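Chains as they are written, first to last, in our numbering: chain A, 116 to 249; chain B, 100 to 218. Note that beta-carbon positions come from the ideal geometry of N, C-alpha and C, so glycine has one too. The model shown is predicted, which means the values in this text are computed figures rather than measured ones.
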Amino acid sequence: MGKYLDLESSIYSIFGSQQWKAENIPTYPSNVIKNDSKSSFIRLSIIPNSNSVNFKSISGVLIIDIFTETNIGTKSYSTIADRLDDYLVTKGFNKNNFFLQFKESVLTPMGVDKDSASLFRAQYTITFNFFGVD
Amino acid sequence: MSYRNLIDSNLRIAFKLLKDLVDDISIVKRSNSDFDFLNNEITASEETIYLKAIIIESTNSNSKSNSKKSQCLIQKSDVTTLSVGDVFNYKGLDYKITNSIKDDGSILLFDVEREVSNG
Chain A
116 MGKYLDLESS IYSIFGSQQW KAENIPTYPS NVIKNDSKSS FIRLSIIPNS NSVNFKSISG
176 VLIIDIFTET NIGTKSYSTI ADRLDDYLVT KGFNKNNFFL QFKESVLTPM GVDKDSASLF
236 RAQYTITFNF FGVD
Chain B
100 MSYRNLIDSN LRIAFKLLKD LVDDISIVKR SNSDFDFLNN EITASEETIY LKAIIIESTN
160 SNSKSNSKKS QCLIQKSDVT TLSVGDVFNY KGLDYKITNS IKDDGSILLF DVEREVSNG
């Protein structure tokens with residue numbers, strides 16, 4: 116695989132793990148239309164936006180949109196962000212010939228979702244370095 | 100007979116009277132979808148429904164895209180619900196239902212779109 120699929124596979128393996136599934140937080144990647152009625156879920160967007168040490172390495176940002184019900188306060192999205200921190204912040208993941216290293220996270224409340232007023236969106240952002248063997 | 104049943108019944112008669120203005124179509128509805136992160140694919144159950152539809156108008160591509168959009172009308176009792184992303188098959192071609200589904204309780208009016216060749 117190329118570095119983008121390798122990166123995607125590395126990040127997706129975290130959210131495909133039994134441990135994450137046990138958290139019971141519905142998780143979707145970008146370009147998947149959710150067709151259930153869950154009002155609390157997250158959506159991942161991987162943004163590999165900067166070069167790194169070699170052709171097979173890249174750094175970037177993992178943006179996770181956290182959707183919760185509107186008009187219930189901030190606790191629900193902060194709780195999900197804390198769970199994400201447990202899995203991601205400063206964590207390193209080895210897979211095949213690759214190493215994925217996450218750094219610090221930031222949580223930004225974005226307000227009522229522009230596509231659905233029944234949802235509130237907060238944005239969890241964490242930077243990463245992805246190292247591949249050249 | 101309730102008003103709802105009366106409307107549905109009259110709609111069915113109207114669809115019959117329209118004869119060749121009504122087309123046979125199918126809709127593939129995806130439900131219970133989940134994403135399998137380990138295999139990087141959607142897992143979902145699919146159901147195909149065959150029904151009658153009226154294609155109200157079609158718009159061809161503009162300068163920024165090469166797609167064909169159509170507006171369709173169906174009886175709600177034939178399908179109950181539709182979701183954005185469901186697949187609409189008309190004359191052997193697959194269209195995606197886009198984000199405009201109007202529901203007046205008896206009729207569903209929605210847009211479908213597909214990429215077309217410009218040859």
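Cβ of residue i within 8 Å of any chain B Cβ
i                     : result
residue 131 (chain A) : yes
residue 148 (chain A) : yes
residue 240 (chain A) : no
residue 202 (chain A) : no
residue 128 (chain A) : yes
residue 119 (chain A) : no
Inter-residue spacing [alpha-carbon to alpha-carbon] between residue i and residue j
i                     : j                     : result
residue 204 (chain B) : residue 215 (chain B) : 32 Å
residue 126 (chain A) : residue 213 (chain B) : 31 Å
residue 227 (chain A) : residue 196 (chain B) : 25 Å
residue 163 (chain B) : residue 211 (chain B) : 18 Å
residue 165 (chain A) : residue 133 (chain A) : 31 Å
residue 172 (chain A) : residue 161 (chain A) : 14 Å
residue 216 (chain A) : residue 123 (chain B) : 54 Å
Residue burial classification, residue i (beta-carbon count within 10 angstroms, cutoff 16)
i                     : result
residue 152 (chain B) : buried
residue 128 (chain B) : buried
residue 173 (chain B) : buried
Cβ pair residue i, residue j closer than 8 Å
i                     : j                     : result
residue 119 (chain A) : residue 134 (chain B) : no
residue 247 (chain A) : residue 212 (chain A) : yes
residue 188 (chain B) : residue 125 (chain B) : yes
residue 234 (chain A) : residue 185 (chain A) : yes
residue 174 (chain A) : residue 243 (chain A) : yes
Neighbour flag for residue i against chain A, beta carbons, 8 Å
i                     : result
residue 187 (chain B) : no
residue 127 (chain B) : no
residue 204 (chain B) : no
Residues bridged to residue i (per DSSP)
i                     : result
residue 152 (chain B) : B:122
residue 107 (chain B) : In the DSSP output, where bridge partners are listed per residue, residue 107 (chain B) has none listed.
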